[in-house]
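Asker: Converting from the sequence shown to this note's numbering requires adding 75 to each position, the first position being numbered 1.
Virtual Cβ for every residue (Gly too), placed ideally from N, Cα, C.
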Amino acid sequence: MKVGSLRYLPSTEHAWQRETDIVIIGAGAAGLSAALDVSRRGHRVIVLSKGSLRGGSTLLAQGGLAAVMDNGDSQDSHAYDTLIAAAGLADEVAVRELVAAAPGAVRYLVELGARFDNGPLGLEGGHSHRRIVHAGGDAIGTELHRVLREAVLNSDVEIMENTAAIDALTNSSGDVVGIIAGRISHTNDPALDVGVIAARAVVIATGGFGQAFSSSTNPAEATGDGLALAARAGAEITNVEFVQFHPTVLYIPGQRGRSPLITEAIRGAGARIVDTEGTPVMEGRHPRGDLAPRDVVSCAMFQRMHSPSDSLTHLWLDARAIGELRLEKEFPTTVGLCRLAGVDPASELIPIAPSAHYACGGVRADLDGNSSIRGLYAIGEAASTGVHGANRLASNSLTEALISGRRLARQLDVALSSRSGPLAPADFVDPASGRGVDASARETLATKMSTHVGVVRERSGLESILDTLESAPNSPAAALDLATLEATNLHTVSLMAAYAASLREESRGCHRRSDFPAASDRWARSIPLQVFEGEIVAQVEAVVGA
Ligand code: FAD
Ligand code: SIN
């Protein structure tokens, strides 16, 4: 199958220059936890946030943090559940390290002042024990981000809000030695005020790319910028075909971009997915019923919505049996989001449809954040560490973001102590440039991504989206603006996800092919993607020949 060429960004003049030890792109759980720890170790660190400090997916998290916190549970069980969800593609060593470190991550947040709920631990899909730590009922993200943000604001970390990372700066050896970044102006001029930040380490903590789809739980800034930046710099990218679709996202007719999440914890409390006739959709589909892993639930919903006799836009979540008092006490965020959309979950069925939620793949890295390129690191949702494999277990991502953020900080402390200072600007190699993608292409691309790279995929649809991506219009803008930056990055991540999905001729985890409905031993591997001379190349021979 043909894959289109990578689109590069328009070249830029650099109006300002900075230098630091570490630049961290992203201010979510991963970026802030890494920043706090490297700063406490005496390193100079700048954190970039594309919007205000209160952006990113972390703040929106509703479910919780997965960690073994009571005697009836065990780390073996948490590791087993994670490996089962990951459908054969997880790295067991990384999974066991994550599970062992998870209770420490919870204690760390308590030390920072986090207030977690005292009640019983929560239960979510794919977990065989109650092990989800909640805060504010269903407002874990608000609390987690609050304590990290307050600690960072009281530290020596420098925050640059409304500043977007554009491209990596490399030296003649291909090592990353800084970034090009653009300040976002709030005046009438959309052009970015572009400059360079020389740094001894560049950390990608930019979260996911849900905005590549027409409906997603992700915030507006989740446009895959870090992944695209890393790809342009030549880093290895893996598992991007494994996009997790959350089964219970509020269906609002005509809504595009971000849609409200209905936390899975509501199903943990007894809510059930039903069809128009009130028949439970998960009955007989999986031993865990409504609490089966997300890929299983979303796929069952997709099949019910697209049966030969029906074409439904949505199904329903019935949470009425939980009762109004308990719903309001334990799920205030979810209840508020529903009521805002005119639905009362205490007395009415909630309209729901699966939507893009989590990028299981990303920049290939280990749990310490090391990517395939010297000087470039990746943590949090932007990274592919081997923990999630083909499908992430619920509530493992906040845990992973914190653990890898803190491990990276430890590692950088050692690495930077033995490395010399930032390179002189004359050593920078200008990144390749092009015309970028016109922002007007976004809507069509997102619609086609949801249709053809959605819950269930097949060859002709994947060919069609790859053709659409190939013919996406170039940007007419002379100077680089945020709209072109995001459209180009979305094009890159869409191209990579669609290409990898077209190669993977099997169904595994959250990658489902109607033309290849079973898993195949031949594809029991990740497909590494890398950019060579402007083309996206997959190391398929290595995979298939092995
Ligand atoms: P984010 O928190 O997404 O932060 C990304 C940061 O990067 C933001 O500050 C953004 O502004 C910045 N950024 C992006 N591009 C650029 C750029 N070009 N330049 C500068 N900055 C940039 N996981 C769980 O484990 N438990 C849950 O209960 C849970 N609930 C969720 C609910 C919702 C609605 C969503 C969307 C996700 C949920 N997840 C949950 C997933 C989890 O929240 C994310 O995977 C996690 O927060 C990612 O953290 P992060 O630090 O990697 O990225
Ligand atoms: C949810 O609350 O359903 C989301 C949890 C997660 O994404 O881990």
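1. Taking 6 Å as the cut-off, is the beta-carbon of L544 closer than that to any non-hydrogen atom of the ligand FAD?
2. Evaluate V168 with the Cβ neighbour count: other Cβ atoms within 10 Å of its Cβ, from every protein chain shown; 16 or more gives buried, anything less gives exposed.
3. What runs of the beta strand (DSSP E), each 3 residues or longer, lie entirely inside the region 360-407?
4. Can you check DSSP and say which residues form a bridge with P624?
5. For the ligand FAD, is there any heavy atom lying closer than 6 Å to the beta carbon of L366?
6. Would you identify the three-state DSSP class for R258, choosing helix, strand or coil?
7. Please check the pair D156 and H209, which I expect to be a contact at CB under 8 Å, by giving their CB distance rounded to whole angstroms.
8. What's the C-alpha gap between T217 and T133?
9. Is it true that the region 459-479 meets the region 572-588, where meeting means three or more beta-carbon pairs spaced less than 8 Å apart?
10. Identify which residue in L555, A180, I425 and F503 has its Cα closest to the Cα of V324.
11. Enumerate, from N- to C-terminal direction, the unbroken beta strand (DSSP E) stretches of 3 or more residues contained entirely within the region 277-358.
12. Within the present structure, is the beta-carbon of Q137 separated from the nearest heavy atom of the ligand SIN by less than 6 Å?
13. Just grab the DSSP bridge partners of T238 for me.
14. Roughly how far, in whole angstroms, is the beta-carbon of V78 from the beta-carbon of I611, given that I think they are within contact range, below 8 Å?
15. For Y433, does the three-state DSSP call read helix, strand or coil?
16. DSSP puts V98 in a beta bridge; with which residues?
17. Quick check: I272 and V98, are their CB atoms within less than 7 Å of each other?
18. Flag this pair as yes or no: are the beta carbons of L565 and P85 separated by less than 7 Å?
19. Tell me which residues share the same chain as M376 and place their Cβ nearer than 7 Å to its Cβ, disregarding the 5 neighbours each side in the sequence.
20. Alpha carbon to alpha carbon, what distance is there between A613 and Q605?
21. Decide if the region 329-347 is in contact with the region 395-403; the criterion is three or more beta carbon pairs, one per stretch, under 8 Å apart.
22. I'd like to confirm something about K125: is its beta-carbon nearer than 6 Å to some heavy atom of the ligand FAD, or not?
23. How about I312: is its Cβ closer than 6 Å to a heavy atom in the ligand FAD?
24. If I'm right that V278 touches L520 with Cβ under 8 Å, what's the distance once you round it to whole angstroms?
25. Go ahead and label R414 buried or exposed: buried means 16 or more other beta carbons lie within 10 angstroms of its beta carbon, across all protein chains shown.
26. Can you list, in chain order, the residues of its chain whose CB lies under 8 Å from that of G620, leaving out five sequence neighbours each side?
27. If you reduce the DSSP assignment to three classes, tell me which class R467 lands in.
28. What number of angstroms, rounded off, separates the C-alpha of A617 from the C-alpha of S248?
29. Within its chain, find whatever has a CB closer than 8 Å to the CB of H118; leave out the 5 residues flanking it on each side and keep chain order.
30. Going by CA-CA distance only, name the one from A576, S373, H153 and L392 that's closest to R205.
31. Return yes when at least one heavy atom of the ligand SIN lies under 6 Å from the C-beta of E339, else no.
32. Closer than 6 Å: is that where the CB of G282 sits relative to any heavy atom of the ligand FAD?
33. From the DSSP output, in three-state form, read off A617 for me.
34. Relative to the alpha-carbon of R485, which residue among F503, L442 and S446 has its alpha-carbon at the smallest distance?
35. At a threshold of 6 Å, does A476 count as lining the ligand SIN (C-beta to nearest heavy atom)?
Answerer: For this structure:
1. As a working mapping, residue 544 is identified with position 469 in the sequence shown. Because no heavy atom of the ligand FAD lies under 6 Å away, the Cβ of L544 does not count as near it: no.
2. Numbered from 1 along the sequence shown, position 93 holds the residue referred to as residue 168. Answer is exposed; the Cβ neighbour count stays below 16.
3. 390-393
4. In the structure displayed, the chain extends from 76 to 621; residue 624 sits before or after that span and is not available.
5. Taking the sequence shown and counting its residues from 1, the one referred to as residue 366 is at position 291. Relative to the non-hydrogen atoms of the ligand FAD, the Cβ of L366 never comes closer than 6 Å to any of them.
6. Numbered from its first residue, the sequence shown carries residue 258 at position 183. For R258, the three-state secondary structure derived from DSSP is strand.
7. To locate residue 156, count along the sequence shown from 1; it is residue 81. To locate residue 209, count along the sequence shown from 1; it is residue 134. The pair is not a contact, with the Cβ atoms about 18 Å apart (cut-off 8 Å).
8. By one-based count along the sequence shown, residue 217 stands at place 142. By one-based count along the sequence shown, residue 133 stands at place 58. Between T217 and T133, the C-alpha separation is close to 8 Å.
9. yes
10. Translated into positions along the sequence shown, residue 324 becomes position 249. Nearest of L555, A180, I425 and F503 to V324, Cα basis: I425.
11. Those beta strand (DSSP E) runs which fall completely within the region 277-358 and span 3+ residues are 318-325 and 347-349.
12. On the sequence shown, position 62 is the one that residue 137 refers to. Under cutoff, so the answer is yes.
13. Counted from its first residue, the sequence shown places residue 238 at position 163. In DSSP, T238 forms a bridge with R258.
14. For the purposes of this step, residue 78 is taken as residue 3 along the sequence shown, with counting starting at 1. For the purposes of this step, residue 611 is taken as residue 536 along the sequence shown, with counting starting at 1. Confirmed, about 5 Å.
15. Sequence index remark: in the sequence shown, residue 433 carries index 358 (1-based). In the structure shown, Y433 sits in a strand (DSSP, three-state: E or B).
16. Within the sequence shown, numbered from 1, the residue matching residue 98 stands at position 23. Answer is I121 and V277.
17. Numbered from 1 along the sequence shown, position 197 holds the residue referred to as residue 272. Numbered from 1 along the sequence shown, position 23 holds the residue referred to as residue 98. Taking 7 Å as the Cβ cut-off, I272 and V98 qualify as a contacting pair.
18. What you label residue 565 is simply residue 490 of the sequence shown in a count that begins at 1. What you label residue 85 is simply residue 10 of the sequence shown in a count that begins at 1. In this structure, P85 does not lie closer than 7 Å to L565 by Cβ.
19. Within the sequence shown, residue 376 is the residue found at index 301, counting from 1. Contacts found: P322, I348, V356, L390 and P429.
20. Numbered from its first residue, the sequence shown carries residue 605 at position 530. Numbered from its first residue, the sequence shown carries residue 613 at position 538. Between the alpha carbons of Q605 and A613 lies a gap of roughly 7 Å.
21. yes
22. One-based indexing of the sequence shown puts residue 125 at position 50. Yes.
23. Within the sequence shown, residue 312 is the residue found at index 237, counting from 1. False, no ligand heavy atom lies under 6 Å from that Cβ.
24. Translated into positions along the sequence shown, residue 278 becomes position 203. Translated into positions along the sequence shown, residue 520 becomes position 445. With a Cβ gap of about 28 Å, V278 and L520 do not count as contacting.
25. Within the sequence shown, the letter at position 339 stands for residue 414. Label assigned to R414: exposed.
26. Locating residue 620 in the sequence shown gives position 545, counting from the first residue. For G620, the predicted structure reports a pLDDT of 45, less than 50, and the residue's modelled location is therefore unreliable. A value from the coordinates is still provided. Answer for G620: no residue qualifies.
27. Sequence index remark: in the sequence shown, residue 467 carries index 392 (1-based). In this structure, R467 counts as coil in the three-state DSSP scheme.
28. Here residue 617 refers to the residue found at position 542 of the sequence shown. Here residue 248 refers to the residue found at position 173 of the sequence shown. For A617, the pLDDT reaches just 49, beneath the cut-off of 50, and the residue's location in the model is therefore unreliable, although a value from the coordinates is still provided. Rounded to the nearest angstrom, the two C-alpha atoms are 26 Å apart.
29. Along the sequence shown, read from residue 1 onward, the residue named residue 118 stands at position 43. Excluding residues within five positions, the ones whose Cβ falls inside 8 Å are D96, I97, L487, D488 and L491.
30. What you label residue 205 is simply residue 130 of the sequence shown in a count that begins at 1. Nearest of A576, S373, H153 and L392 to R205, Cα basis: H153.
31. Along the sequence shown, one-based indexing puts residue 339 at 264. Yes, the beta carbon of E339 sits closer than 6 Å to at least one heavy atom of the ligand SIN.
32. As a working note, residue 282 is residue 207 in the sequence shown. Yes.
33. In the sequence shown, the residue the question calls residue 617 occupies position 542. Low confidence applies here, because A617 scores a pLDDT of 49, under 50, leaving its location unreliable; read the following figure in that light. Judged by DSSP in its simplified three-state form, A617 adopts helix.
34. Residue numbering aside, residue 485 sits at position 410 when the sequence shown is read from its first letter. Measuring from the Cα of R485, the nearest candidate turns out to be L442.
35. Position 401 of the sequence shown, counting from 1, holds the residue named residue 476. Result no, Cβ not under 6 Å from the ligand SIN.
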